[in-house]
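Encoded as structure tokens, the structure appears first; notes follow it.
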Amino acid sequence: MTDNKETIPPLAGYAEAAEILEWDKRKIGTYMKRAEEKNWPNSMFPEPIQRLASGPIWTRKQIEEYRDARK
């Protein structure tokens with residue numbers, strides 16, 4: 002049996018991304034829409050690694066790096 006903790010990095014959805022960035026979840030959607038319209042420039046907002054029925058998913062590292070780059 003494989004230990005998934007080694008193969009799956011910590012993930013973040015809307016709520017987690019909003020918490021990390023100290024934003025309202027609606028602001029995440031606004032930034033995502035703008036970045037998607039401009040074909041995801043690196044500095045606008047991280048492109049999700051997957052889109053599920055419940056919403057987009059990022060690695061926690063993507064969101065933390067985005068936050069840190071904005072400071």
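Numbering-wise (the working numbering), the sequence shown opens with residue 2 and increments by one.
Glycine is no exception: its CB is placed at the ideal position from the N, C-alpha and C atoms.
DSSP places Gly30 in the helix class (H, G or I) of the three-state scheme.
In the DSSP assignment, Ile58 falls outside any alpha helix (DSSP H) and within the unbroken beta strand (DSSP E) covering Gly56 to Thr60. When Arg61, Asp69 and Glu66 are compared, the shortest CA-CA separation from Glu17 is found for Arg61. Nearest Cα to Ile50 within the set Gly14, Glu7 and Thr8: Gly14. Beyond the five residues adjoining it in sequence on each side, Leu22 comes within less than 6 Å, by CB distance, of Arg68 in the same chain, given in chain order.
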